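A.B. asks:
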Amino acid sequence: MNDAGIALQPESIWKSEGTHQVPFAAYTDAEIYQQELRKLFYANHWCYLGLEVEIPNVGDFRRTVVGERSVIMVRNKDGGVSAFENVCAHRGAQFCRERGGNAKGFHCPYHHWNYDLEGNLRGLPFRQGIRQEEQLHGGMPEDFSLKDNGLTKLRVATRGGVVFGSFDHDIESFEDFLGPTVLSYFDRIFNGRKLTLLGYNRQRIPGNWKLMQENIKDPYHPGLLHTWFVNFGLWRADNKTRLLMDAHKRHAVMVGVRSVAKPTADVTKGVASYKESMQLHDMRQLDIVPEPWWNGPTVTMLTLFPSLIIQQQVNSLSTRHIQPRGAGVFDFVWTHFGFEDDTAEMTERRLIQANLFGPSGYVSADDGEVIEFSQMGFDEKPWHRAVIEMGGRDTNEAETVASETLIRGMYAYWRKVMGI
Amino acid sequence: MANITPSDFLDLAALYAEYAAAVDAGDWERWVDLFADDCRYIVQPRENHERNLPLATLRLISKGMLKDRAYGIRETLFHDPYYQRHVVGIPRVLSIDASGTITAETNYTVFRTKLGELSTVFNVGRYLDTVVRTPDGLRFASRHCIYDSEMIPNAIIHPI
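Respectively, the protein sequence lines represent chains P and D.
With UniProt numbering applied, the first sequence has no gaps in its numbers, which climb one by one up to 420 at the end.
With UniProt numbering applied, the second sequence has no gaps in its numbers, which climb one by one up to 160 at the end.
1) Contact criterion: CB-CB distance below 8 angstroms. Does D:N154 meet it with respect to chain P?
2) Between which two residues does the beta strand (DSSP E) harbouring P:R202 extend?
3) With a threshold of 8 angstroms between beta-carbons, can D:P54 be considered close to chain P, or not?
4) Around the C-beta of P:I310, are 16 or more other C-beta atoms found within 10 angstroms, so that it is buried, or is it exposed?
5) Can you pull the chain D residues whose beta carbon is under 7 angstroms from the beta carbon of P:H336, in chain order?
6) As a quick exercise: from P:V333, P:S12, P:A237 and P:Q312, pick the residue whose alpha carbon is nearest that of P:T400.
7) Which of the residues in the segment 372-397 of chain P, read from start to end, lie with their CB under 9 angstroms from any CB of chain D?
8) Near D:D24, what residues of its chain come up, given a Cβ to Cβ distance below 8 angstroms and the 5 sequence neighbours on each side ignored?
9) Tell me whether the beta-carbon of D:D68 lies closer than 8 angstroms to the beta-carbon of D:E105.
10) Which chain P residues are close to D:L118, counting only those with a beta carbon under 8 angstroms from its beta carbon?
11) Between D:R139 and chain P, is the shortest Cβ-Cβ distance under 8 angstroms, so that the two count as touching?
12) Starting from D:K67, follow the alpha helix (DSSP H) in both directions and report where the run begins and ends.
13) Quick test of the definition: if touching needs 3 or more C-beta pairs under 8 angstroms, does the segment 306-324 of chain P touch the segment 356-372 of chain P?
14) Taking buried to mean at least 16 other C-beta atoms within 10 Å of its own C-beta, is P:P324 buried or exposed?
15) Within 8 angstroms (strictly less), CB to CB, does P:R38 reach chain C?
16) Would you call the segment 335-347 of chain P and the segment 114-121 of chain D touching, i.e. three or more CB-CB distances under 8 angstroms?
17) In the DSSP assignment, find the unbroken beta strand (DSSP E) run with D:V131 in it and report its ends.
18) Name, in chain order, the residues that DSSP records as bridge partners for D:I102.
19) In the segment 138-202 of chain P, which residue ranges form an unbroken beta strand (DSSP E) of at least 3 residues, counting only runs that do not cross its ends?
20) Compute the Euclidean distance between the alpha carbons of P:A365 and P:F106, then round it to the nearest angstrom.
21) Measuring straight from C-alpha to C-alpha, what distance separates P:R393 and P:L243?
22) Work out the CA separation of P:H169 and D:T109 for me, nearest whole Å.
23) What does P:A365 reach in chain D if we use C-beta pairs closer than 7 angstroms?
24) Under 8 angstroms, Cβ to Cβ, is there at least one residue of chain D near P:S273?
25) Among P:S145, P:Q94, P:P141 and P:R408, which one has its Cα closest to the Cα of P:R122?
26) Does the beta carbon of P:S360 sit closer than 8 angstroms to a beta carbon anywhere in chain D?
27) Give me the Cα-Cα distance between D:R92 and D:Q44, rounded to the nearest whole angstrom.
28) Does the segment 127-136 of chain P come close enough to the segment 49-67 of chain P to have 3 or more Cβ pairs within less than 8 angstroms?
29) Specify the secondary structure class of P:R258 as computed by DSSP and reduced to three states.
30) Count the other C-beta atoms from every protein chain shown that fall within 10 angstroms of the C-beta of P:Q213, then say buried if there are 16 or more, exposed otherwise.
31) Looking at P:F330: is its Cβ nearer than 8 angstroms to the Cβ of P:W209?
32) Compare the beta carbon distance of P:Y220 and P:S403 with 8 angstroms and say whether it is the shorter of the two.
33) Contact defined as beta carbons within less than 8 angstroms: I believe D:V131 pairs with D:L12. What is the distance between those atoms, to the nearest angstrom?
34) Helix or strand or just coil, what does DSSP make of D:Y19?
35) Taking the beta strand (DSSP E) that P:G105 belongs to, which residues open and close that run?
36) Check the Cβ of D:G72 against every Cβ in chain P and list those closer than 7 angstroms, keeping chain order.
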């Protein structure tokens, strides 16, 4: 077979019906990536901004991003959350360079245009001009309106302590955006309890942002790539598994119940990562204590398209924010949290189990690595395609780890929205 | 700088040099050996440390956990092979008590070299250490790596 390469146009990259084969160009093409920012991150989708516990008091703010655009989320005077773009209405300066803090308002260092906690323009120097020899000189035109020159505001939705924003003010409600199935798993974690902030991890992964969504829509790999998951039954072929989606198939939940028994030969056959003789020296890393709110599942991995992953894996909880930075690279920001009524022992347990996750984690560090390897392959031959046929070619919900249906579902939605 | 004898200072500097040599050589057993029996090894972003947020990138709070990490690097964590090279500063001694326990800090830079690639700055920060005297010589009771680097270039597999 001749495989010397062909030139591609974005609208014609997808050669086959359905989504069981994904063209490599979907991960590499600069024009497609720009369209994704416009159609997925900047319109019609709720994107993750942060947690309310990060900004508890009036004036508390934190810098975040939607797609590639810098956004500030603020606890406003009414006690609610406002969000606006970090681009001065005057000359476009990204005026806030701090990570966060507390402010009475914001002002741009360039010409001192100043804004309130909702992003409204409050004033600017020399608006009426400068008085020289009894006369006013210069200044803004008389019809200049403060009201019309505020910062670009986002519509904000909060639920259970999590903050989402959208540049698209006509977007459906956050609840409709998630749909009842995904919302029920969201509410299971964020059921109104106050959260506690445990801290952050940040990594830059040289891969297309969709690969991280795929990674958490892929129940096929964890029991193969991640020894800890296989050995300790946290995610394994003999787990009770459910793969659920919203009606658009853009969001998903992988639900699992840990297997406590030693795996049977059937489960570990051909699984090189299973280490029969492996013994931990310190079992505190797997000191799993069931919590009443689990109500069955020991793991729920939510993928909220396009920007967020929510993890509950036994006692470890995190949000993982996908921040694209070009077709071939994204930043991945982990925010670990607990609940206000956690005992000191439970907090310590969550912190120790965090060793499994993040940029050094026993079951996460290698996800970033394999994503990088995939991107290397894509970059070399963008005319080629990936095969996503485990569990069939359809996009139906499933109850097995041997299925890539959630990825096919995501691309069915992606093709529709992108017109590709 | 706390009042430390030249001999203790040399021992401390030698421990730092031994540590860098062990982690650059990929000698994870030696890495574990350089810790006291009761020990902690924590790798943490500077933001978490300065804001008293407890989350760490790696939080190993016993020698057993260090051994598990050594096993993990060798047997369970799939990753792109790389060399690392530490450049470690001169110890700044913060205190030394009657039993000889030293607290000290020093700056470090870690360069990473992947096969066929240029060397890059991988992680930059400071070590904040508690060092105790044992029959085997000075050992780390605690090594806390507080890194400035805002982004981890994909993953940290080997100990810093």
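Just so you know, even glycine gets a beta-carbon here, dropped at the ideal spot from N, CA and C.
It should be emphasised that the depicted structure is a prediction, and the values quoted were computed from it without experimental measurement.
C.D. replies: Per the coordinate set shown:
1) Within the second sequence, numbered from 1, the residue matching residue 154 of chain D stands at position 154. Yes, its Cβ sits closer than 8 angstroms to a Cβ of chain P.
2) Here residue 202 of chain P corresponds to residue number 202 of the first sequence, with the count starting at 1. Note, P:R202: beta strand (DSSP E), L195 to I205.
3) On the second sequence, residue 54 of chain D is found 54 positions in, with the first residue counted as 1. With 8 angstroms as the cut-off, D:P54 counts as an interface residue toward chain P.
4) Here residue 310 of chain P corresponds to residue number 310 of the first sequence, with the count starting at 1. Classification for P:I310: buried.
5) Looking up residue 336 of chain P in the first sequence gives position 336. Simply L55.
6) Within the first sequence, the letter at position 400 stands for residue 400 of chain P. Minimum Cα distance to P:T400 is reached at P:A237.
7) E372 and F373
8) To locate residue 24 of chain D, count along the second sequence from 1; it is residue 24. For D:D24, where only same-chain residues beyond five positions count, the Cβ hits under 8 angstroms are Y83, Q84, R85 and H86.
9) For this step, residue 68 of chain D is matched to residue 68 along the second sequence. For this step, residue 105 of chain D is matched to residue 105 along the second sequence. Cβ atoms of D:D68 and D:E105: not closer than 8 angstroms.
10) Indexing the second sequence from 1 puts residue 118 of chain D at position 118. Simply none; closest approach about 14 angstroms.
11) As a first step, residue 139 of chain D must be located in the second sequence, where it is residue number 139. No, D:R139 lies away from the interface with chain P (no Cβ there is under 8 angstroms from its Cβ).
12) Position 67 of the second sequence holds residue 67 of chain D. Where D:K67 is concerned, the enclosing alpha helix (DSSP H) stretches over K63 to Y71.
13) yes
14) Position 324 of the first sequence, counted from the start, is the residue given in the question as residue 324 of chain P. Per the 10 Å Cβ criterion, buried.
15) Judged by its chain identifiers, the structure shown contains no chain C, and its protein chains are P and D.
16) no
17) In the second sequence, counting from the first residue as 1, residue 131 of chain D sits at position 131. First-last of the beta strand (DSSP E) with D:V131: S119 to T134.
18) For the purposes of this step, residue 102 of chain D is identified with residue 102 of the second sequence, where counting begins at 1. DSSP, once it has assigned bridges, lists D:I96 and D:V131 as partnering D:I102.
19) 155-159 and 162-166
20) For the purposes of this step, residue 365 of chain P is taken as residue 365 along the first sequence, with counting starting at 1. For the purposes of this step, residue 106 of chain P is taken as residue 106 along the first sequence, with counting starting at 1. Their backbone Cα atoms lie some 38 angstroms apart in a straight line.
21) As a first step, residue 393 of chain P is located in the first sequence; it is residue number 393 there, counting from the start. As a first step, residue 243 of chain P is located in the first sequence; it is residue number 243 there, counting from the start. Each residue's Cα considered, the two are about 15 angstroms apart.
22) Taking the first residue of the second sequence as position 1, residue 109 of chain D is located at position 109. Taking the first residue of the first sequence as position 1, residue 169 of chain P is located at position 169. So the alpha carbons of these two residues sit roughly 46 angstroms apart.
23) Taking the first sequence and counting its residues from 1, one reaches residue 365 of chain P at position 365. Near P:A365 (Cβ distances below 7 angstroms), the residues of chain D are L77, H79, A155 and I157.
24) Counting from one through the first sequence, the residue named residue 273 of chain P turns up at place 273. Yes, contact with chain D.
25) Here residue 122 of chain P is taken as the residue at index 122 of the first sequence, counted from 1. P:R122 has its Cα closest to that of P:S145, out of P:S145, P:Q94, P:P141 and P:R408.
26) Counting from 1 along the first sequence, the entry for residue 360 of chain P is found at position 360. Chain D contact via Cβ: present.
27) For the purposes of this step, residue 92 of chain D is taken as residue 92 along the second sequence, with counting starting at 1. For the purposes of this step, residue 44 of chain D is taken as residue 44 along the second sequence, with counting starting at 1. When rounded, the distance between both Cα atoms is 20 angstroms.
28) no
29) To locate residue 258 of chain P, count along the first sequence from 1; it is residue 258. P:R258 falls in the coil class under three-state DSSP.
30) Position 213 of the first sequence, counted from the first residue, corresponds to residue 213 of chain P. Under this definition P:Q213 is a buried residue.
31) Translated into the one-based positions of the first sequence, residue 330 of chain P becomes position 330. Translated into the one-based positions of the first sequence, residue 209 of chain P becomes position 209. Contact flag set, yes.
32) Taking the first sequence and counting its residues from 1, one reaches residue 220 of chain P at position 220. Taking the first sequence and counting its residues from 1, one reaches residue 403 of chain P at position 403. Contact: yes.
33) Start at 1 with the first residue of the second sequence, and residue 131 of chain D comes out as number 131. Start at 1 with the first residue of the second sequence, and residue 12 of chain D comes out as number 12. Yes, D:V131 and D:L12 are in contact; Cβ-Cβ is about 6 angstroms, under 8 angstroms.
34) In the second sequence, residue 19 of chain D corresponds to position 19, counting from 1. Residue state, collapsed to three classes: helix.
35) For this step, residue 105 of chain P is matched to residue 105 along the first sequence. Per DSSP, P:G105 belongs to no beta strand (DSSP E) and is neither H nor E.
36) Here residue 72 of chain D is taken as the residue at index 72 of the second sequence, counted from 1. The answer, in chain order, is Y362.
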